[in-house]
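Student: Just so we're aligned: 63 in full-length UniProt numbering is position 63 of the sequence shown, and the numbers increase by one with no gaps anywhere.
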Amino acid sequence: MPGKLQKVCTLNGHKSIVWCVAWHPNGKILASSSADCTVRLWAQEGNDWVCKSVFEDVHQRTVRSVAFSPCGRYLAAAGFDSLTTSIICILGSDLNKFKSVCIQHVLFALSFEFTYLAKFDAHGNEVKCCAWSSCGRFLATCGRDKDVWIWEMDEEEELQLLHVISKHSQDVKRVQWHPYEEILASTSYDNSIQLYEFDAEKWNVQQSLEEHTSTVWSLSFNGSGNYFCTCSDDRTVKIWKRNSEEKTAKWHCVCTLNGYHERPIFDIDWFVQNRILFCTGAQSWI
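Structure, rendered in structure tokens:
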């Protein structure tokens, strides 16, 4: 049996709703984004976690999503002002300090020094989520404009828009990459899950899954990538599996969990080191 979870600390600093948190790959830095228009970086000092940097000019409205790249050098932030901001940071020998590279607009913060890599006028409306692929080559974003945008990091370490996918009929709530393959999944207000794959020229829809009866809020792959789970406004969690190990194999629902939540389930995460799912929703508990 797994051990019980215990709260270690509470991080205070944001002045409004905290929408997203993301761990740095080294597990020692936490990024958070908020409706107060800021992104904060937190790190441990002794037994306490403290705020190391506050970025107040990243967005003009709510910062909905933050994501570190697999290499840990980049932090992407998606906001409600329809901008997707990518911040570059290079980890130095001291894990509590960053070195900065001057590229375009420079921002220096105490303790942690960051530089803006770029600021993109992305999507025609609010950007809801951003996610890096496991190889760090691609960044996916999605938003209220019903589109999924895929960006590519070139050899000069600049993001270029690669493809815009218009498959959903309503807001796209979440994008999530397969843990080791170039497969992207998205969830939406249209009750569907879309899966995309890269064929060396462009991104194509691999499969559409429509077994939820209301908004699909979130999705998470397991560590092997052979399963993923989804949660929905229909108060259910669904587990999906591939028919085989082939990349072109179809996904199908193998299990529906219901009766555990009386209100919508907003987020879900698959603990990659164990067979545990974490869910949270409108009932204010996990």
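Yeah, the Cβ is synthetic: ideal placement off N, Cα and C, and Gly gets one too. Only a predicted model underlies this, so the values are computations on that prediction, with no experimental measurement involved.
#1: Which ranges does the beta strand (DSSP E) cover as unbroken runs of at least 3 residues, wholly within the region 252-281, from first to last along the chain?
#2: How would you call residue 61, buried or exposed, if buried means at least 16 neighbouring beta carbons within 10 angstroms?
#3: List the endpoints of the continuous beta strand (DSSP E) containing residue 198.
#4: Is DSSP giving residue 141 helix, strand or coil here?
#5: Strictly by DSSP, which residues pair up with residue 187?
#6: In or out: residue 15 buried (at least 16 other Cβ within 10 Å) or exposed?
#7: Could you spell out the range, first to last residue, of the beta strand (DSSP E) harbouring residue 79?
#8: Going by DSSP in three states, residue 16 sits in which element: helix, strand or coil?
#9: So what's residue 131 in DSSP terms, helix, strand or just coil?
#10: Assign residue 43 to buried or exposed, taking buried as 16 or more other Cβ atoms, counted over all protein chains shown, within 10 Å of its Cβ.
#11: Between residue 262 and residue 235, what straight-line distance do the alpha-carbon atoms span, to the nearest angstrom?
#12: Helix, strand or coil: how does DSSP classify residue 61 here?
#13: Using 10 angstroms around the beta-carbon of residue 285, count the other beta-carbons present and answer buried if the total reaches 16, otherwise exposed.
#14: Would you mind reading off the limits of the beta strand (DSSP E) that contains residue 237?
#15: Select from 181, 149, 153 and 41 the residue whose C-alpha is nearest the C-alpha of residue 174.
#16: Can you pull the DSSP bridge partners for residue 227?
#17: With a threshold of 8 Å between beta-carbons, can residue 201 be considered close to chain B, or not?
#18: Under the assumption that residue 9 contacts residue 78 (Cβ atoms under 8 Å), give the Cβ distance between them as a whole number of angstroms.
#19: What does a CB cutoff of less than 7 Å around residue 176 pick up in its chain, not counting 5 residues either side in sequence?
#20: Just to confirm my understanding: we take residue 208, look at its own chain, exclude 5 residues before and 5 after, and list those with CB closer than 7 Å. What are they?
#21: Could you give the DSSP three-state label for residue 161: helix, strand or coil?
#22: Going by beta carbon distance, what residues of the same chain come within less than 6 Å of residue 282, once the five residues before and after it are set aside?
Tutor: Looking at the coordinates:
#1: When DSSP assignments are scanned along the region 252-281, the uninterrupted stretches of beta strand (DSSP E) that are 3 or more residues long and fall wholly within it turn out to be 265-271 and 276-281.
#2: By the Cβ-count criterion, residue 61 is exposed, with fewer than 16 other Cβ atoms from all chains shown falling within 10 Å of its own Cβ.
#3: That run of the beta strand (DSSP E) goes 193-198.
#4: Judged by DSSP in its simplified three-state form, residue 141 adopts strand.
#5: 174 and 193, per the DSSP bridge assignment.
#6: Residue environment: residue 15 is assigned as exposed (fewer than 16 neighbouring CB atoms within 10 Å of its CB, all protein chains considered).
#7: Residue 79 -> beta strand (DSSP E) spans 74-79.
#8: Coil at residue 16, not helix or strand.
#9: Collapsing the DSSP output to three states places residue 131 in a strand.
#10: Under this definition residue 43 is a buried residue.
#11: So the alpha carbons of these two residues sit roughly 7 Å apart.
#12: Residue state, collapsed to three classes: coil.
#13: Residue 285 is classed as exposed because its beta carbon has fewer than 16 other beta carbons within 10 Å across all chains shown.
#14: Element bounds for residue 237: 237-242.
#15: Of the candidates 181, 149, 153 and 41, the one whose C-alpha sits nearest the C-alpha of residue 174 is 149.
#16: Partner(s): 241.
#17: Reference to chain B is not applicable here, since this structure consists of a single protein chain.
#18: Going by Cβ atoms, the distance from residue 9 to residue 78 rounds to 26 Å, so no, they are not a contact pair.
#19: The residues 131, 185, 219, 220 and 221, in chain order, have a CB closer than 7 Å to that of residue 176 in the same chain once the five nearest residues on each side in sequence are set aside.
#20: When the five nearest sequence neighbours on each side are left out, the beta carbons in the same chain lying within less than 7 Å of the beta carbon of residue 208 are those of 192 and 194, in order along the chain.
#21: For residue 161, the three-state secondary structure derived from DSSP is strand.
#22: If you ignore the 5 residues before and after residue 282, its C-beta comes within less than 6 Å of the C-beta of 263 and 264, all in its own chain and listed in chain order.
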